[in-house]
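Here is the structure we will look at, set down as structure tokens.
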Amino acid sequence: MVDQRGQASVELVAALPALLLAALIALQLLATGYALTLADGAAEAGALALASGHPAAEAARSALPGWAEEHLQVRIAGGEVRVSVRPPSVLSSVGERLTVSSSAAARPD
Numbered sequence: 059m060v061d062q063r064g065q066a067s068v069e070l071v072a073a074l075p076a077l078l079l080a081a082l083i084a085l086q087l088l089a090t091g092y093a094l095t096l097a098d099g100a101a102e103a104g105a106l107a108l109a110s111g112h113p114a115a116e117a118a119r120s121a122l123p124g125w126a127e128e129h130l131q132v133r134i135a136g137g138e139v140r141v142s143v144r145p146p147s148v149l150s151s152v153g154e155r156l157t158v159s160s161s162a163a164a165r166p167d
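So for the sequence shown, my numbering puts the first residue at 59; every next one is plus one.
Next up, the structure:
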């Protein structure tokens with residue numbers, strides 16, 4: 059019989075990078091989904107502010123947490139507010155490719 063002591067440890071060490079990569083991908087997908095939810099809320103806040111005669115960009119920025127303000131782009135065209143948010147990422151190139159956007163429109167009273 060072959061001695062198999064330590065085999066589980068070797069298998070764990072071999073599988074650890076794959077487990078870490080899967081966890082990193084899952085966390086990145088969660089961060090992207092959260093950024094989309096934030097973009098939806100910020101676009102709605104901007105559209106409501108625009109409809110009531112207030113600055114839409116300021117309202118959209120104030121609807122976001124502090125970390126998202128530096129990863130934010132607000133565009134206003136007519137009665138539509140489009141908000142783009144780059145999710146947090148370990149690799150900036152990945153975060154740029156996963157930038158999400160949302161738009162909302164409102165008519166003034």
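Beta carbons: idealized from backbone N, C-alpha and C, even for Gly.
Same chain only: Cβ atoms within 6 angstroms of residue i, ignoring 5 sequence neighbours per side
| i | result |
| --- | --- |
| E138 | S161 and A163 |
| S117 | Here residue 117 turns out to be Ala, not Ser, going by the sequence shown. These residues qualify, in order along the chain: A103, G104 and A107. |
Exposure of residue i, with buried meaning 16 or more beta-carbon neighbours within 10 Å
| i | result |
| --- | --- |
| A81 | exposed |
| S150 | exposed |
| G104 | buried |
| V71 | exposed |
| E102 | buried |
| L85 | exposed |
| V132 | buried |
| A68 | Before going further, note that residue 68 is Val rather than Ala in the sequence given. By the 10 Å Cβ count, V68 comes out exposed. |
Distance CB(residue i)-CB(residue j) smaller than 7 angstroms
| i | j | result |
| --- | --- | --- |
| V141 | A97 | yes |
| L156 | P145 | yes |
| V148 | L94 | no |
Rounded Cβ spacing between residue i and residue j (contact assumed at less than 8 angstroms)
| i | j | result |
| --- | --- | --- |
| L122 | A89 | Actually they do not touch by this definition, with Cβ atoms about 14 angstroms apart. |
| E128 | R119 | Going by Cβ atoms, the distance from E128 to R119 rounds to 10 angstroms, so no, they are not a contact pair. |
| A76 | R165 | A76 to R165, Cβ: 52 angstroms. No contact. |
One or two residues paired with residue i in a DSSP bridge
| i | result |
| --- | --- |
| R133 | R140 |
| V158 | V143 |
| A163 | E138 |
Residues of its chain near residue i, where Cβ-Cβ distance is below 7 angstroms and the 5 sequence neighbours each way are ignored
| i | result |
| --- | --- |
| L79 | none |
Chain-order list of residues whose beta-carbon lies under 8 angstroms from that of residue i (same chain, five-residue window excluded)
| i | result |
| --- | --- |
| Y92 | P145 |
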